[in-house]
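Residue numbers (my numbering): -12 to 435.
Here the structure is laid out as structure tokens; the discussion comes afterwards.
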Amino acid sequence: MPAKSMDELVSLCKRRGFIFQSSEIYGGLQGLYDFGPLGVELKNNLKNAWWSSMVYERDDIEGIDAAILTHSKVLKHSGHESTFTDPLVDCKECKSRHRADHIKDKCPNCGSNDLTEPRPFNLMFKTSIGPVDDDSNYGYLRPETAQHIFINFKNILDSTSKSLPFGVAQMGKAFRNEITPRNFIFRVREFEQMELEFFVEPGSDLEWHKYWLEERLNWWENQGVKKESIQILDVPKDELAHYSKGTYDLMYQFPHGLEELEGIANRTDFDLGSHSKNQDELSIQAKTSKNNDSNAKLAIQNIESKKWVVPYVIEPSAGVERGLLAVLNEAYERETLEGDKERIVLKLKPHLAPIKAAIIPLKKNDSELVNLATKIKQDLQKTLKKKVILENTGNIGKSYRKHDEVGTPNCVTVDYDSLEKNTVTIRDRDTMEQKTVNIKDLNKHLSI
Ligand SMILES: [Zn+2]
């Protein structure tokens, strides 16, 4: 399916309260966005779908939720302090700054080719922790959620008695001071990640890497991002991150181009090895730097051989905002209806839809209709515990258009038959077909 126009998606997101530019009334902050009343629902629904597939629908994965502010030693030994950089160039003409690999020897701002040599720019947000603002009291906003899973490895092992293979999942905020944030919510400075670190016996890592590639493709398909829309890129060896033995990038055709939706990396024993003390006792295979700061051995003892093993790690790592952009892009349709009319419809999977059902009384001033509609809404709210709303505008057509645009799968109309025969009409968002059902059976007929 061809990508939709980014402008159309941005406009819908603002108009209907999904996503706003952050600090907009003060001119906005680049690379930061706020999620509105419908955006927060969509985002939570996507995250819940991920959490459920990882933590609730399996027995071999536990979840954690770690602190965002991070000890500087964590990011020293992870390699982020020395290598988490992008190449930065300055335009000597207009003084603007750009990412060297995003421009072609020419300033995109003024066109000058009088640029400085690229130099590494660290993407982490450094901040002081505690009341003394000096060089010894600094930390970082975490640049990824993954490190906190590694540094909690022993805690999780000791408290859950897991054995290999097993995984630890985490969702939450991460921060990167992007030189040039762009493409709406695709490349931003504050974002959310959904990361799994799946620990396996060394030697079984290739098999598990392929397994997680399949699992993740299936998951995206369940969120409405079809397999045909994703290209699998086996990242060439010379482009791999320093910790990786192999990475599959799931490349998706976003409105602005083909870009990474999720990376599935084989991080080997690099991370647990790097954060371990007494590394020479552990036969670590990755190239790690000596660690005199850690007080833990991040390894697991094989029950039979009694040998200590540093597990390999397979990491499926997805960005929530990118995921939302892909989901919105797949769901967005501009359809021509009879009589040259048009409708915009978000064909979201029902479990992702921000509003599950809109209850619409036929007339807004008829108290009998409105009362019954209100009661149906309240009952539904109580059973579903999801967002159900009363749409009392008195204009059925307009209500349908609005709920098509925000992806509400069910519009339920309350009319005079409802008062006489206890029936309501459900209108399906995608087919626009209507069916009449008894009020007491309403639940069974909704797409949720
Ligand atoms: Zn310039």
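Quick reminder that beta carbons are idealized off the backbone N, C-alpha and C, glycines included.
No experiment lies behind these values; they were computed from the predicted model shown.
1) Any idea what DSSP makes of residue 242, helix, strand or coil?
2) Between the alpha carbons of residue 168 and residue 63, how many angstroms are there, rounded?
3) Taking contact to mean at least 3 C-beta pairs separated by less than 8 Å, is the segment 379 to 399 in contact with the segment 408 to 426?
4) For residue 344, which of helix, strand or coil comes out of DSSP?
5) Taking 8 Å as the line, does the beta carbon of residue 124 fall inside it for any heavy atom of ligand 1?
6) Are the Cβ atoms of residue 264 and residue 284 separated by less than 9 Å?
7) For residue 213 and residue 335, I'd like the C-alpha separation in whole angstroms.
8) Does the beta-carbon of residue 211 have 16 or more other beta-carbons within 10 angstroms, so that it is buried, or is it exposed?
9) Taking only heavy atoms of ligand 1 into account, decide whether any of them is closer than 8 Å to the Cβ of residue 98.
10) With residue 26 as the anchor, note down where its alpha helix (DSSP H) starts and where it stops.
11) Near residue 25, what residues of its chain come up, given a Cβ to Cβ distance below 7 Å and the 5 sequence neighbours on each side ignored?
12) Quick check on this structure: which residue in 327, 260, 233 has the alpha carbon closest to the alpha carbon of residue 250?
13) Quick one, which of 23, 365, 137 has its alpha-carbon nearest residue 0's?
14) Relative to the alpha-carbon of residue 31, which residue among 300, 181, 331 has its alpha-carbon at the smallest distance?
15) Here's the rule: buried if 16 or more other CB atoms are within 10 angstroms of the residue's CB, otherwise exposed. What is residue -12?
16) For residue 215 and residue 221, what's the separation of their Cα atoms in angstroms?
17) Considering only the beta carbon of each residue, do residue 207 and residue 217 sit closer than 9 Å?
18) Tell me, to the nearest whole angstrom, how far the beta carbon of residue 380 is from that of residue 351; I am working on the premise that it is less than 8 Å.
19) Kindly indicate which three-state DSSP category residue 422 falls into: helix, strand or coil?
20) Count Cβ pairs between the segment 172 to 180 and the segment 298 to 318 that sit closer than 8 Å; are there 3 or more?
21) State the Cα-Cα distance for the pair residue 47 and residue 41, rounded to the nearest angstrom.
22) Grouping DSSP H, G and I as helix and E and B as strand, with all else coil, what is residue 160?
23) Say the cut is 8 Å; is the CB of residue 39 nearer than that to a heavy atom of ligand 1?
24) For the beta strand (DSSP E) holding residue 187, just list the boundary residues, first then last.
25) Which residue wins for smallest C-alpha separation from residue 75, given the options 128, 88, 399?
26) Which residue from 395, 356, 430, 362 puts its Cα closest to that of residue 404?
27) Within 10 Å of its beta-carbon, does residue 194 have 16 or more other beta-carbons around it, so buried, or fewer, so exposed?
28) Looking at chain B, is there any beta carbon in it that lies within less than 9 Å of the beta carbon of residue 241?
29) Counting only the same chain and skipping the five closest in sequence on each side, list residues whose C-beta sits under 7 Å from that of residue 33.
30) Return the chain-ordered list of same chain residues with a C-beta closer than 6 Å to the C-beta of residue 432, the five sequence neighbours on each side being excluded.
31) When you measure from the CB of residue 104 to every non-hydrogen atom of ligand 1, does any distance come out below 8 Å?
32) Closest to residue 406 by C-alpha separation, out of 363, 190, 245, 172, would be which residue?
33) Shortest alpha-carbon distance to residue 262 belongs to which of 131, 203, 279?
Based on what the coordinates show:
1) Per DSSP, reduced to three states, the secondary structure at residue 242 is coil, with no helix or strand assignment.
2) Roughly 25 Å separates the two Cα atoms.
3) The answer is yes - the segment 408 to 426 touches the segment 379 to 399, with three or more Cβ pairs under 8 Å.
4) Here DSSP, grouped into helix, strand and coil, assigns residue 344 to strand.
5) No, Cβ of residue 124 sits at least 8 Å from all heavy atoms of ligand 1.
6) Closer than 9 Å, so yes.
7) Looking at the two C-alpha atoms, the distance is approximately 12 Å.
8) Taking a 10 Å sphere around the C-beta of residue 211, we find 16 or more other C-beta atoms and assign the residue as buried.
9) Yes, since a heavy atom of ligand 1 falls inside the 8 Å radius drawn around the Cβ of residue 98.
10) That run of the alpha helix (DSSP H) goes 24 to 38.
11) 3, 4, 5, 341, 393.
12) Checked all of 327, 260, 233; the closest Cα to residue 250 is 233.
13) Nearest C-alpha to residue 0: 23.
14) Taking only the C-alpha atoms, the option nearest residue 31 is 181.
15) Its pLDDT being 47, under 50, residue -12 is placed unreliably in this model, and the coordinates cannot settle the point.
16) Their backbone Cα atoms lie some 17 Å apart in a straight line.
17) Yes, the Cβ-Cβ distance between residue 207 and residue 217 is below 9 Å.
18) Residue 380 to residue 351, Cβ: 6 Å. Contact.
19) Correct three-state label for residue 422: strand.
20) In this structure the segment 172 to 180 lies against the segment 298 to 318, because at least three pairs of beta carbons, one per stretch, are closer than 8 Å.
21) If I take the Cα positions, the gap works out to 9 Å.
22) The answer is strand: DSSP assigns residue 160 an E or B state.
23) No - ligand 1 has no heavy atom lying nearer than 8 Å to the Cβ of residue 39.
24) For residue 187, the enclosing beta strand (DSSP E) begins and ends at 177 to 187.
25) Closest in alpha carbon position to residue 75, among 128, 88, 399, is 88.
26) For residue 404, the closest C-alpha among the options 395, 356, 430, 362 is that of 356.
27) Classification for residue 194: exposed.
28) Absent from the structure: chain B. Only one protein chain is present.
29) Setting aside the 5 residues that flank it on each side, residue 33 is surrounded in the same chain by 210, 307, 310, 311, 314, 339, each with a C-beta closer than 7 Å to its C-beta; the list follows chain order.
30) Once the five neighbours on either side are set aside, the close Cβ partners of residue 432 are 413, 424.
31) Checking the Cβ of residue 104 against ligand 1 gives no.
32) When C-alpha distances from residue 406 are compared across 363, 190, 245, 172, the shortest belongs to 363.
33) Residue nearest to residue 262 within the set 131, 203, 279 is 279 (criterion: CA-CA distance).
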